[in-house]
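Novice: Numbering (the UniProt record's numbering), first residue to last: 1 to 123.
Virtual Cβ for every residue (Gly too), placed ideally from N, Cα, C.
1. Can you tell which of 46, 39, 84, 77 has its C-alpha closest to the C-alpha of residue 19?
2. Could you check if residue 105 is buried or exposed, using at least 16 other CB atoms within 10 Å of its CB as the buried criterion?
3. Residue 16 by DSSP, collapsed to three states: which one?
4. In the DSSP assignment, what residue or residues form a beta bridge with residue 8?
5. Answer with buried or exposed for residue 123, where buried requires no fewer than 16 other C-beta atoms within 10 angstroms of its C-beta.
6. Compute the beta-carbon to beta-carbon distance between residue 79 and residue 27, rounded to the nearest angstrom, for a pair I have assumed lies under 8 Å.
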């Protein structure tokens, strides 16, 4: 698992973070990702949990029986997904990263839940 130091922030800039992350992301179309994002789904990169440094007003909510989603308490930007038994891994929302040019899609999950209109987004 190749790790790269990346940084990110929420939309209002009050939450900032840094972590050692992968640059290959997973795109998830599950219902929770779709509803939480208000869009077709979410793209996530895995990061080393112990490398995460985050500052600002972070809030969280229990999004499933096995994970919490963390977001900016001011603007609501989704930032992190922490699995209860996720070893030393934290998933970081790709849209919050500063280095977008380094990210590539590795795989997609919950394809059966992908909205039909989202298929038109593929190139």
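Specialist: In terms of the structure at hand:
1. If you number the chain shown from 1, residue 19 lands on position 19. Of 46, 39, 84, 77, the residue nearest in Cα terms is 46.
2. On the chain shown, residue 105 is found 105 positions in, with the first residue counted as 1. Burial call: exposed.
3. On the chain shown, residue 16 is found 16 positions in, with the first residue counted as 1. Of the three classes helix, strand and coil, the one that applies to residue 16 here is strand, per DSSP.
4. Along the chain shown, one-based indexing puts residue 8 at 8. For residue 8, which the question treats as bridged, DSSP gives the partners 17, 97.
5. Position 123 of the chain shown, counted from the start, is the residue given in the question as residue 123. Summary for residue 123: the model assigns pLDDT 48, below 50, so the residue's position carries little reliability, and this model does not support an answer.
6. Here the question's residue 79 lines up with position 79 in the chain shown. Here the question's residue 27 lines up with position 27 in the chain shown. Contact doesn't hold; Cβ gap of about 17 Å is too wide.
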